[in-house]
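Working notes for the structure below.
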DNA sequence: ATAGGGTTAG
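Residue numbers (UniProt numbering): 1 to 801.
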């Protein structure tokens, strides 16, 4: 934007420049700072020429206000306006702010105009501002004030705006609609096309089935109809979930209006009927119906959601061929959807290229690329994007918080969540769900409970995402009762909630109760999914319920048509292995309708460890080595199998092999607080590429302890031990807990956190709880996998090592 | 100067 010429401009030149500035208003969004600079320059010139507020040029001030509004320089616009609060300027300001979604600002301009100066048009603008914001009651109040003014009369616009506001009434009944309909007819506004359209939309919003008939009557009595009339009908039926009726309205106009095509396609997309949407799109192409940005956006989003990636690419190709002349604003949603398509199709690099090439980007674009990186598990890249985003909204924070949770970075998730609240961004229920999941991951029961309290305060109790997260969090923290309480009070539980609750019971050894709950779910008519069955099989595993496991495994396919996947087979084999029926497990492999996968061989191998069946074990290990040669678990499992069979030499040979092959043991750490010291044990290979992350975590632990201040002189003692020392220290839980760490010698009030990533049996868990009670201290057990049934060596860390 | 429909991120 070049600055205006330096020479003094006559009024005419000023108005020309203003108009040119307005024409380049797209710059206001793409390059706001240079636009604003030019605008201020012009403003100064108008002032020096004495043209502002000149009675001969009222439009100059008006246009200036409008442009300031466009550039979001609200104070400047307001200042100009206050010097002369004329209704025309107010109308323009109200409309601009309402369009930008700033309702309070919009209304403030209405309020600033003295009531005697307000005209009908200004009232109309405010009514429609409320309508846009779904605020029916204040819209009606403004309409009433219009009637009460005495001198003013509502016109067609007033009624159109009033009706569209009324469509947002919470319990809209046919009676309401009929009353409004009557007052429209009495005023004589009934003949206007826009009023008729608004009436149809109003009736179609009613839940009552007979409302559609009334809408149809309005339509039939309208002297003239336009494409909006039909579109409203189609959209109304789609929203009511009656795609069939929408389709017959669509057939009735026989494709005469382009927008109705778009409405029908998007209706199919919203109803999850992608195939029908594609079919309609094909007919549009064949029938040479003009395709616009709305068509492309709907079809592309259908492709992205249904993983019809190839079809999406061909639509993209079509766009490239047609070279449609979209304005940057029109191309924006199309490009946003393309970015979604490619990132969901796993082509994040292509998505990034499209993103880079976009002339105009908005929050949606940035959120799309952000979640693209999160879903492609490129968390570091996502963080980078998050930091450089020019604008964020609540969704951006939500994506990042839940991205951290999925990337196993719970601490970062909580940090971000707190930061977000410090920035005064109000988290939605999904964001709370992410933070709560992070608490579950960390075993931070207190913090989780706190968030639960906030949820209740904020009125998010009815939210399923938050409720499901709470169930899982409480279960992970060992608070099954609380989990159950959440489950019971949830107003509309879904299959995720059931699965979470069943799994909560199963994890804590309540196998029978878990199975009962599953049966109850089926009895209530909820269809179990593959996750439900995974959960049920795990519950059987924890409780050692072999026959029940088989019973549910068989019913899965028979009763619900769910094809068992590798994970289901692996759990079943696990179950057999635990019961000592390794021969049956061997037979089961033969019945699997696909090639056994690593997780199945792993289950076999760990079954063999319990039974010392070295022949099968060695075979399973062979298969595993072939499939995942660098997987440390295989070596450890095989070595343990040999140990269990008493073949120590072979066990040592496997470990040597692992070293020789250069397979790195994944690093991890365990930590425990004793007195004023935090003992941290670094386990695994310190040369592993991920070891620095563990060191980082250790530093964080220390810093956190000091910050919390509950142990004033906390020292972090790093134990980077020799292998033989590790095996000694991590030999057995109960031993370690009782003796090794001197639990009973702890000072009163100390908190003990028991290790990360250990397998622990129900008996040990009970022992810890008992000790905790005995010494009157809180003990948090975090991220511990618990086994109800265990044999020698299973619970001890000899297994882990 | 004001109205009404069809689009995108989880």
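Cβ coordinates follow ideal geometry from the N, Cα and C atoms, glycine included.
Quantities reported herein were computed from a predicted structural model and do not represent experimental measurements.
- Leaving aside the five residues that flank residue 77 on each side, the residues in its chain whose CB is nearer than 6 Å to its CB run, in chain order, 65, 68 and 69.
- One Cα belongs to residue 169, the other to residue 556, and the distance between them is close to 45 Å.
- The UniProt repeat "PPR" (226 to 256) contains no complete beta strand (DSSP E) run of 3 or more residues.
- Using a Cβ-Cβ distance cut-off of 8 Å, the segment 260 to 269 and the segment 229 to 246 are in contact, since at least three pairs of beta carbons, one from each stretch, lie closer than that value.
- Annotation: residue 289 to residue 261 spans about 9 Å, alpha carbon to alpha carbon.
- For residue 75, the closest of 60, 93 and 86 by C-alpha to C-alpha distance is 93.
- About 6 Å separates the Cβ atoms of residue 166 and residue 202, confirming a contact at the 8 Å cut-off.
- Beta-carbon to beta-carbon, residue 624 and residue 598 are separated by about 6 Å, close enough to satisfy the 8 Å threshold.
- Per DSSP, reduced to three states, the secondary structure at residue 168 is coil, with no helix or strand assignment.
- For residue 626, the secondary structure class from DSSP, reduced to helix, strand or coil, is helix.
- Here the alpha carbon of residue 128 sits roughly 21 Å from the alpha carbon of residue 173.
- Between residue 537 and residue 552, the C-beta spacing is below 8 Å.
- Just measuring C-alpha positions, the residue of 140, 572, 440 and 292 sitting nearest residue 480 is 440.
- In the three-state scheme derived from DSSP, where H, G and I count as helix and E and B as strand, residue 265 is classed as helix.
- Inter-segment contact for the segment 214 to 229 and the segment 186 to 197 is present: three or more beta-carbon pairs are separated by less than 8 Å.
- Around the beta-carbon of residue 594, fewer than 16 other beta-carbon atoms lie within 10 Å, marking it exposed.
- No Cβ-Cβ contact shorter than 8 Å links residue 649 with residue 639.
- In this structure, residue 194 lies near residue 156, with their beta-carbon atoms less than 8 Å apart.
- For residue 551, the uninterrupted alpha helix (DSSP H) run begins and ends at 546 to 560, by DSSP.
- Assignment of beta strand (DSSP E) within the segment 342 to 414, counting only whole runs of 3 or more residues, yields no such run.
- Considering only 49, 44, 53 and 101, the residue with the shortest C-alpha distance to residue 72 is 101.
- For residue 59, the closest alpha carbon among the candidates 22, 318 and 510 is that of 22.
- In terms of CA proximity to residue 580, 544 leads the group 544, 559 and 550.
- The beta-carbon separation of residue 131 and residue 83, rounded to 30 Å, does not stay under the 8 Å limit for a contact.
- Out of 207, 275, 507 and 608, the CA that lies nearest to the CA of residue 242 is found in 207.
- Nearest to residue 363 by alpha-carbon distance, out of 373, 106 and 396, is 396.
- Counting C-beta atoms within 10 angstroms of its own C-beta, residue 607 has 16 or more neighbours from the protein chains shown and is therefore classed as buried.
- Short of 7 Å from the beta carbon of residue 642, and not among the five residues preceding or following it, lie these beta carbons of its own chain, in chain order: 650, 651 and 654.
- Taking a contact to require three or more Cβ pairs closer than 8 Å, the segment 176 to 185 and the segment 138 to 145 do not qualify as touching.
- In this structure the segment 406 to 415 does not lie against the segment 385 to 395, because fewer than three pairs of beta carbons, one per stretch, are closer than 8 Å.
- Counting the other CB atoms within 10 Å of its CB gives residue 16 a total below 16, which places it among the exposed residues.
- In this chain, the alpha helix (DSSP H) harbouring residue 145 covers 136 to 148.
- Nearest to residue 122 by C-alpha distance, out of 87, 139, 111 and 136, is 87.
- Judged by their CB atoms, residue 539 and residue 515 are nearer to each other than the 8 Å cut-off.
- By the CB criterion at 8 Å, residue 467 and residue 497 fall inside the cutoff.
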